[in-house]
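Report on the following structure.
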Amino acid sequence: MKGPAGVGKSTIAQTCMEKLKGMGRLGAIFFFAVRIQDKAAQFFPTIIYQLCSEFPDYRNLFQVLVVEPLQELEKKGKGIGKRIAIFIDGLDECESVNAQCKIISIVAKAPQDRTILLCWAVFSRPEAHIEGTFAIPSIIKITSTSILPISHNTDGDIELYLCSSFENILRCHNISLKSRWPSNDDIHTLVHAANGLFVYVATATEATNTPQSPFAELDAFYMLIMGCIPSDTLPSVLLFLHEMWGLSHNSVPLISNCLGFSEVMFKAVYNHLSAVVHLQGQDESPPYLNADVNWPFQYFIYCELGGSMYFYHKSFWDFSVDPRHSGPFYVLSSATWNTRESYCIQGSGVPDSASSLSSPYTNELVNSLLKAYIFYWIHHTFLYPSEYSSIDPRLLQQFQHTDFRKSLHVEATLYSSPKYGQGMLDYSGISKFVSGTQLFQRFSGGLCKSLQKFDKRIGELQQVGIIWTCDPSCISSFMSLFPAETQDQCITGLYHMGHGSRSVFWYWEINVKSGYCQEMRTVDLAEGGRIY
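Letter 492 of the sequence shown, counting from 1, is numbered 492 in UniProt numbering, and no numbers are missing.
Next up, the structure:
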């Protein structure tokens with residue numbers, strides 16, 4: 001049985017063992033646990049000891065491991081006589097990859113001798129090396145696989161677990177209440193938040209019982225998963241998670257090409273996260289490949305293209321973005337951000353062809369759109385960072401000389417319809433394109449309180465060399481397009497964004513009295529002013 005981390009595999013293993021024990025068909029059990037050292041060395045002696053305890057005649061043949069003693073007993077007419085089960089839970093928590101694979105290979109030899117009535121039940125996360133070992137032809141033909149997904153079908157079991165756990169908490173603390181605690185609404189809220197993940201509700205009840213460190217168990221759980229990643233692979237894994245944080249939807253080719261990952265590298269990185277990240281495949285013949293060019297490009301780049309990924313549970317993401325919990329596995333560090341932007345910048349000036357993509361798609365139209373979106377995303381992340389002080393100055397210098405006109409054209413192509421987005425002054429509002437000119441508008445009260453924030457934002461953009469003030473004659477000529485009352489009532493600014501023939505004009509206007517903020521980006525100032 002395989003399934004993601006925390007979904008309840010051990011619970012099912014325990015239930016099966018209890019039933020088989022009642023039937024007299026349980027041979028032995030072994031639970032791997034992260035806190036136990038030398039687990040692989042203990043595995044076979046433990047299994048043999050349990051078989052000796054269960055079958056006294058087995059003790060006389062203790063010299064050899066498992067298969068030969070059972071064969072000898074069978075020859076002497078003292079065989080087990082019935083199929084018995086041996087349970088291995090948490091194989092993925094054994095201390096090394098080699099040990100995990102070796103255990104599978106060794107135990108798989110026993111069922112090949114049909115006189116040996118041993119049935120092995122293995123419960124594990126679907127790690128790549130474990131999946132690969134079970135896929136060996138000689139093993140797969142004697143293996144039955146069951147997948148335990150995260151599903152709301154387990155909500156009833158989770159609710160029973162919560163009710164029982166909270167009753168135990170009250171009992172242990174000798175508390176009796178007239179009304180139900182927690183309320184039914186509270187229980188349903190927790191069931192919904194768990195999203196089918198048993199480890200979440202186990203953590204919630206533990207947090208209630210020992211509130212001093214409510215996330216300790218869950219943190220340890222995720223630290224175990226991240227701690228198993230080889231040190232030379234970890235930076236790529238953190239980059240991968242950082243990119244999942246930045247994008248609202250997670251298309252596989254989009255993330256791969258943003259980071260310069262080949263298909264092989266992407267799969268190698270993903271394999272280390274398969275316990276917490278779900279990879280959802282895509283229809284091999286999606287309808288948009290033959291679609292009209294008016295198809296909403298960004299939709300299939302976001303949601304359809306080449307499959308998509310999502311976290312099995314939000315708690316892992318909360319862990320990853322909080323350095324207090326994730327420590328060395330914090331994904332939003334300035335080092336990871338700079339590495340990520342370095343990857344993107346290197347690809348921004350590459351010709352727009354499939355050969356320039358690290359993981360090209362099978363359709364040239366799709367490849368050109370991938371290139372377009374990656375170029376747009378580079379500009380978006382550089383224009384809206386959390387703080388410029390954490391960015392490598394060399395990257396900023398490279399960014400200043402990228403093609404801002406191309407970026408504007410690309411965004412107009414990808415987002416031909418009005419959309420809710422973010423303005424350069426860091427306000428959310430409605431953005432739309434008219435004949436290649438971007439218009440942004442936000443109506444909001446309390447703008448006067450944000451003027452200091454606007455000044456700081458503009459100062460940062462000037463300081464890092466992304467914008468620079470237009471000359472006075474240009475400003476005067478442009479402002480003459482507007483009525484005098486607009487100039488009197490508004491705070492305005494007109495800047496170049498970028499340098500030389502690759503730059504665009506950026507105009508912003510704030511009317512504190514009327515409570516609106518408007519912006520414009522355009523290549524042709526006269527035409528843009530007319531549209532504005």
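Ideal Cβ positions, reconstructed from N, Cα and C, are used throughout, including at glycine.
Here DSSP, grouped into helix, strand and coil, assigns residue 142 to coil. For residue 310, the uninterrupted beta strand (DSSP E) run begins and ends at 308–311, by DSSP.
Taking C-beta separations shorter than 6 Å and ignoring five residues to either side along the sequence, the partners of residue 126 in its chain run 2, 274, following chain order. In the displayed model, residue 517 falls within a strand according to three-state DSSP. Per DSSP, residue 424 lies in no beta strand (DSSP E) and is assigned neither H nor E. The alpha-carbon of residue 128 is positioned some 23 Å away from that of residue 219. In this structure residue 208 does not touch residue 217 by the C-beta definition: roughly 12 Å separates them, more than the 8 Å allowed.
Counting only runs of 4 or more residues that sit fully inside the stretch 192–237, the alpha helix (DSSP H) segments are 198–209, 216–227, in chain order. Burial check for residue 242: the Cβ neighbour count within 10 Å reaches 16 or more, so the residue is buried.
For residue 89, the secondary structure class from DSSP, reduced to helix, strand or coil, is strand. Close CB contacts of residue 457 within its chain, under the 7 Å cut and outside five residues either way in sequence, are with 425, 426 (chain order). By alpha-carbon distance to residue 256, the top candidate from 308, 461, 181 is 308. Within a 10 Å sphere around the beta-carbon of residue 9 sit 16 or more other beta-carbons, which makes this residue buried.
Annotation: residue 44 to residue 106 spans about 10 Å, alpha carbon to alpha carbon. Around the beta carbon of residue 462, a 10 Å sphere encloses fewer than 16 other beta carbons of the protein chains shown; the residue is thus reported as exposed. Judged by pairs of C-beta atoms under 8 Å, the stretch 369–386 does not touch the stretch 475–482, as fewer than three such pairs exist. A straight line joining the alpha-carbon of residue 201 with that of residue 161 spans about 8 Å.
One alpha carbon belongs to residue 90, the other to residue 75, and they sit about 34 Å apart.
With fewer than 16 neighbouring CB atoms inside 10 Å of its own CB, residue 189 falls in the exposed class.
Looking at the DSSP output, residue 469 bridges to 495.
The DSSP assignment places 314–320, 323–326 as complete runs of the alpha helix (DSSP H) inside the stretch 311–343, in order along the chain (cut-off: 4 residues).
The beta carbon of residue 319 lies closer than 6 Å to those of 222, 325, 326 in the same chain, with the five residues before and after it left out. DSSP places residue 361 in the coil class of the three-state scheme, outside both helix and strand. Scanning 520, 141, 175 for the CA closest to the CA of residue 441 turns up 520. Taking 8 Å as the cut-off, the beta carbon of residue 11 is found no closer than this to the beta carbon of residue 316.
Residue environment analysis places residue 453 among the exposed positions, since fewer than 16 neighbouring C-beta atoms fall within 10 angstroms of its C-beta. Our two residues, residue 524 and residue 428, have alpha carbons roughly 25 Å apart in a direct line.
Judged by DSSP in its simplified three-state form, residue 511 adopts strand.
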